[in-house]
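Please read the structure below before turning to the comments.
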Amino acid sequence: MKTDDRVLIQREIAPHLLYLAQMYPIVTVTGPRQSGKTTLVRLLFPSFDYVNLEIPDVRAEALSDPRGFLLRHAAPAILDEIQHVPALLSYLQVVVDETGRNGMYILTGSHQPELQAAITQSLAGRTGIAELLPLSISEWKAAGASKGRDLWMLQGFMPRLAGNDVAPVQLYRDYFRTYVERDARQLINLRNLRAFETFVRLLAGRVGQIINFASLAGDIGVSATTLREWLSVLEASYVVWTITPYFRNFGKRLIKSPKIYFTETGLAAYLLGLRTEDQVGRDPLLGNLFENMVVMEVLKARLNAGKDPDLYFFRDSQGFEVDLLLASGRTLVPIEIKAAYTPGDDLSKGVRRFAALTTEAVRPTVIYAGRDIPSQDAPSFLNFEHTAGFIRECP
């Protein structure tokens, strides 16, 4: 993915998108704003006509005369930000059904709920869907980036940072302001913008933790029902991602509330007021931010490979917890995530205990900031920068 005239970052999801274009008439690429969707699809499909539906007069043309619009922008074409004109999807259905060939249209969109509803109604079975998140560490490193643990978390992974044309603080300030003042208002009838902003900032202080809606409702002064609605909006627009607990086949009482993560760790660090590496390294939430970053690396690796996330965590009523479980068929890969640089039995006790609970557990692993220590008999230790490669090897 090209971010300026000097930087070319190859996106790991590219082979999957090309595969989908061979298998479906339409490929739909969703994801957060500024994750690189437009740049990527234009790079992968250079011969396609490109149409940006965020441009007001282009959008007005599509709304007023959808049939004529699709005649003027005949396949193959990229329709960018398709969520602005969801009515086009039913007309696209007619076009692709009449033509009967694959690789006709590439759609991109940032707001999942509008797209999801329209796709379910109009394009079921006609489109392959991919989700593009910000750059992964492995993508950055392949482009020559070299950073320490705390700088990765502080600066985050937005593609625009690769061009060095914007400071991370400015990027996340503008990103957050645009989201709250424009995107969130489009997705929900916000009567109290300040309370919504407070909610997002409080969530940043709870990354990697189980969501306690009652506590948050008391802090903000709105109902827990409202907060659940707001959370669904944040998830739908890829600001946050929740991981649900795994409780199949275990005979003890387990926690069933989800854990919260920010799709962009740099945004969480910004909302926490962190501005330097030193502040990140000394912050009480260092471990939580590190967990957030690693969970997102795992998620990116799964989505970039075209796989379902299949990510869970485990926690029983006594407080025993495993940070992450990667489920595949009848196997579970237990993963403990620690910001420490030094390996030790205290870091691996969670995955060792979980492995003793079930024969489904395979490849127990601690992802941390130290060097790789592979093992066949005991939990392996893996440096966080190698997360994507490890996940690609998992079933």
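My numbering puts the first residue of the sequence shown at 28, with every later residue one more than the last. Cβ coordinates follow ideal geometry from the N, Cα and C atoms, glycine included.
Contact check, residue i vs residue j under 8 Å by CB: the rounded distance?
i, j, result
"isoleucine 36", "alanine 157", "Their Cβ separation, rounded to whole angstroms, is 17 Å, which puts isoleucine 36 and alanine 157 out of contact at 8 Å."
"isoleucine 215", "valine 123", "Between valine 123 and isoleucine 215 the Cβ distance is about 32 Å, and since that is not below 8 Å, they are no contact."
"threonine 414", "valine 321", "6 Å"
"phenylalanine 240", "arginine 255", "6 Å"
"leucine 150", "leucine 106", "Rounded, the Cβ-Cβ distance is 12 Å, inconsistent with contact."
"leucine 80", "histidine 111", "5 Å"
"isoleucine 164", "glutamate 324", "6 Å"
"lysine 286", "glutamine 236", "6 Å"
"threonine 55", "leucine 134", "5 Å"
"phenylalanine 343", "leucine 353", "Phenylalanine is not the amino acid found at residue 343; the sequence shown has aspartate there. Wrong, their Cβ atoms sit about 19 Å apart, outside the cutoff."
"phenylalanine 16", "alanine 89", "With the chain running from 28 to 422 in the structure shown, residue 16 is simply not present."
"phenylalanine 203", "proline 272", "Between proline 272 and phenylalanine 203 the Cβ distance is about 29 Å, and since that is not below 8 Å, they are no contact."
"arginine 69", "tyrosine 77", "6 Å"
Could you give the residue range of the alpha helix (DSSP H) that holds residue i?
i, result
"threonine 205", "195-205"
"valine 68", "64-71"
"proline 83", "83-91"
"lysine 168", "164-169"
"glycine 416", "414-420"
"proline 42", "41-50"
"serine 117", "115-126"
"aspartate 210", "Taken as a continuous stretch (DSSP letters only), aspartate 210 belongs to no alpha helix (DSSP H), as it is neither H nor E."
"arginine 187", "Looking at the DSSP string, arginine 187 is not in any alpha helix (DSSP H), and its letter there is neither H nor E."
"alanine 231", "220-231"
Taking its Cβ as the centre, do 16 or more other Cβ atoms sit within 10 Å of residue i, making it buried, or is it exposed?
i, result
"threonine 252", "exposed"
"serine 264", "buried"
"aspartate 92", "exposed"
"threonine 428", "Nothing about residue 428 can be reported from this structure: the residues present for the chain run from 28 to 422 only."
"glutamine 345", "exposed"
"aspartate 372", "exposed"
"glycine 416", "exposed"
"asparagine 219", "exposed"
"lysine 64", "buried"
"glutamate 39", "buried"
"arginine 176", "buried"
"threonine 362", "According to the sequence displayed, residue 362 carries isoleucine and not threonine. Buried: at least 16 other Cβ atoms inside 10 Å."
"asparagine 319", "buried"
"asparagine 191", "exposed"
"leucine 316", "buried"
"methionine 180", "buried"
"leucine 98", "exposed"
"threonine 303", "exposed"
"glutamine 61", "buried"
"alanine 366", "buried"
"arginine 221", "exposed"
"methionine 50", "exposed"
"aspartate 32", "Residue placement at aspartate 32 is flagged as unreliable, the pLDDT there being 42, under the threshold of 50; a coordinate-derived value is accordingly withheld."
"proline 311", "exposed"
"leucine 47", "buried"
"isoleucine 418", "buried"
"threonine 386", "exposed"
So residue i is in the beta strand (DSSP E); what residue range does that whole segment cover?
i, result
"lysine 286", "286-289"
"tyrosine 77", "76-79"
"glycine 155", "154-158"
"valine 54", "53-57"
"phenylalanine 408", "407-410"
"alanine 104", "104-107"
"glycine 136", "132-136"
Is there a Cβ of chain C sitting closer than 8 Å to that of residue i, yes or no?
i, result
"alanine 144", "No chain C appears in this structure, which consists of one protein chain only."
With a threshold of 7 Å (Cβ to nearest heavy atom), would residue i be considered close to the ligand NAD?
i, result
"arginine 221", "The model on display carries no ligand, and the ligand NAD is accordingly not part of it."
Continuous beta strand (DSSP E) assignments of at least 3 residues falling wholly in the region 338-393 | As far as the region 338-393 is concerned, its whole beta strand (DSSP E) runs of at least 3 residues are 338-342, 348-355 and 358-364.
Start-end ranges of the alpha helix (DSSP H) lying completely within the region 248-279, minimum 4 residues | Entirely contained in the region 248-279, the alpha helix (DSSP H) runs reaching 4 residues are, in chain order, 251-263.
Would you call the region 387-401 and the region 409-417 in contact, with 3 or more CB pairs under 8 Å?
-> Contact holds: three or more Cβ-Cβ distances are below 8 Å.
Segment contact, 8 Å Cβ cut-off, at least three pairs: the region 278-296 with the region 186-206 = Enough Cβ pairs lie closer than 8 Å, so yes.
Assess, as a yes-or-no matter, whether the region 148-165 is touched by the region 227-235 under the definition of 3 or more beta carbon pairs within less than 8 Å.
-> No: fewer than three Cβ pairs fall under 8 Å.
Segment contact, 8 Å Cβ cut-off, at least three pairs: the region 41-53 with the region 321-334 | Result yes; three or more Cβ-Cβ pairs closer than 8 Å.
Can you list, in chain order, the stretches of the alpha helix (DSSP H) that have 4 or more residues and sit fully within the region 294-344?
-> Listed in chain order, they are 304-309 and 313-331.
Please confirm if the region 345-357 is in contact with the region 373-393, defined as three or more CB-CB distances below 8 Å between the two stretches.
-> Contact holds: three or more Cβ-Cβ distances are below 8 Å.
Determine, using beta-carbon pairs with one atom in the region 266-273 and one in the region 281-291, whether at least three such pairs fall under 8 Å.
-> Yes, the region 266-273 touches the region 281-291.
Examine the Cβ distances between the region 170-186 and the region 72-87 and report whether three or more of them are shorter than 8 Å.
-> No: fewer than three Cβ pairs fall under 8 Å.
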